[in-house]
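Residue numbers for the sequence shown, in this note's numbering: -4 to 223.
Down below is the structure, laid out as structure tokens.
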Amino acid sequence: MLKTIPTLGHRIALTLGGLWLALCHPDPAWAGDEPAIGRLNTAGYRTSEMCTATLIAPDRALTAAHCVTRPEDGYLKRLTDMVFVAGWDGSRHSGASRIKAVHVHPKAFSGGQFDLRHDIAVIDLNEPLAPAPLPIGSTALPGPLTLMGYRRSRPHRLTVTPLCYGTETSSIWRIACRVEPGQSGGPVLIGTGAARRIVGVIVAVTRDEEALVVPVDDWLRRQIAPTR
-4 MLKTIPTLGH RIALTLGGLW LALCHPDPAW AGDEPAIGRL NTAGYRTSEM CTATLIAPDR
56 ALTAAHCVTR PEDGYLKRLT DMVFVAGWDG SRHSGASRIK AVHVHPKAFS GGQFDLRHDI
116 AVIDLNEPLA PAPLPIGSTA LPGPLTLMGY RRSRPHRLTV TPLCYGTETS SIWRIACRVE
176 PGQSGGPVLI GTGAARRIVG VIVAVTRDEE ALVVPVDDWL RRQIAPTR
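Structure (structure tokens):
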């Protein structure tokens, strides 16, 4: 069995004004290195929570369930407080949108308890964004895999960690590459260039800072089927 392990959403001090600027001042010409991967910001009264999310359709993004819900009870966080900023690099981005709806994996909360093995969610954006979405795929461990996300220690630059390998335990992948808070919801990719596919989502960190990953499953494939 998996031990209790902290998830990777990160609470940081951000102003609502900063989120508003992100919505109002996109740079259509800005693609960046990974324009489909961005920060999912959730504004609160005094702080904001930061996760990572990835476009899987022009108007849909993949992230971790605990980034959009409260793991203690399963209630959704306020949609009006959420903003997805694609391709964020600290000064520019490739598009931003508020959130219209959230679809949480039906097994993420079972018997009143949060189940890390199904810690994934799909968010519907208020409007489609320009970057090309990343396709969903599948793979067998050990890898190699590439992990991506916005780290607490580097919140305004996407961190890319290639050549990662892992094993599976209780339907969770344990990947021997370092991750930090903020990388929750980040994609795990296989392949290079146009052949890249999302095969999992970063959801937690072990005590020795290795990544725990939920692999892509049939529920997620059904979520994106109508947009293919």
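Cβ atoms here follow ideal geometry from the backbone N, Cα and C, with glycine treated the same way.
Quiz item: Going by the beta-carbon positions, is the gap between Thr154 and Arg192 smaller than 9 Å?
Solution: no
Quiz item: Can you tell which of Ser86, Gly82, Val97, Thr58 has the C-alpha that lies nearest to the C-alpha of Leu71?
Solution: Val97
Self-check item: Classification of Thr141 by the beta-carbon crowding that lies within 10 angstroms, buried from 16 upward
Solution: buried
Quiz item: Using DSSP with H/G/I as helix, E/B as strand and the rest coil, what is Ala190?
Solution: helix
Quiz prompt | According to DSSP, residues forming a beta bridge with Val211 | solution = Beta-bridge pairing links Val211 to no other residue.
Quiz item: How would you write the range of the beta strand (DSSP E) that Ala150 sits in, first residue to last?
Solution: Residue 150 is actually Pro in this sequence, not Ala. Segment 149 to 159, the beta strand (DSSP E) holding Pro150.
Quiz item: Is Ser105 buried or exposed, if buried means 16 or more other CB atoms sit within 10 Å of its CB?
Solution: exposed
Quiz item: With C-beta atoms as the reference, is Gly180 less than 9 Å away from Ile197?
Solution: yes
Exercise. Quick one: residues in its chain with C-beta nearer than 7 Å to the C-beta of Glu162, no 5 flanking neighbours on either side, listed in chain order?
Key: Here the sequence assigns Thr to residue 162, which means Glu is not the residue at that position. Only Leu136, Pro137, Arg169 meet the Cβ criterion.
Self-check item: Inter-residue Cα distance where the pair is Ile94 and Ala56
Solution: 10 Å
Exercise. Using only alpha-carbon positions, find the residue among Val117, Thr187, Pro66, Ile118 that is nearest to Pro139.
Key: Thr187
Exercise. For the stretch 72 to 121, list the alpha helix (DSSP H) runs that are entirely contained and at least 4 residues long, ordered along the chain.
Key: none
Practice problem: State buried or exposed for Ala190, treating a residue as buried only when at least 16 other CB atoms are found within 10 Å of its CB. | Solution: exposed
Practice problem: Kindly identify the DSSP beta-bridge partner or partners of Arg55. | Solution: Ala52, Asp119
Quiz item: What whole-angstrom Cβ distance do Val211 and Val194 have, given they're in contact under 8 Å?
Solution: 6 Å
Practice problem: Assign Tyr145 to one of two classes, buried (16 or more other C-beta atoms within 10 Å of its C-beta) or exposed (fewer than that). | Solution: buried
Quiz item: Does the Cβ-Cβ distance between Ala232 and Ala81 come in under 9 Å?
Solution: With the chain running from -4 to 223 in the structure shown, residue 232 is simply not present.
Quiz item: Going by beta carbon distance, what residues of the same chain come within less than 6 Å of Asp76, once the five residues before and after it are set aside?
Solution: Thr37, Ala38
Quiz item: Does DSSP classify Ile0 as helix, strand or coil?
Solution: Legend: pLDDT at Ile0 = 46, less than 50; position of this residue unreliable, value from coordinates given subsequently. In this structure, Ile0 counts as coil in the three-state DSSP scheme.
Quiz item: Considering only residues of the same chain and omitting the five flanking positions on each side of Arg34, which have a CB-CB separation below 8 Å?
Solution: Met45, Cys46, Thr47, Ala48, Phe79, Val80, Trp83, Tyr145, Pro150
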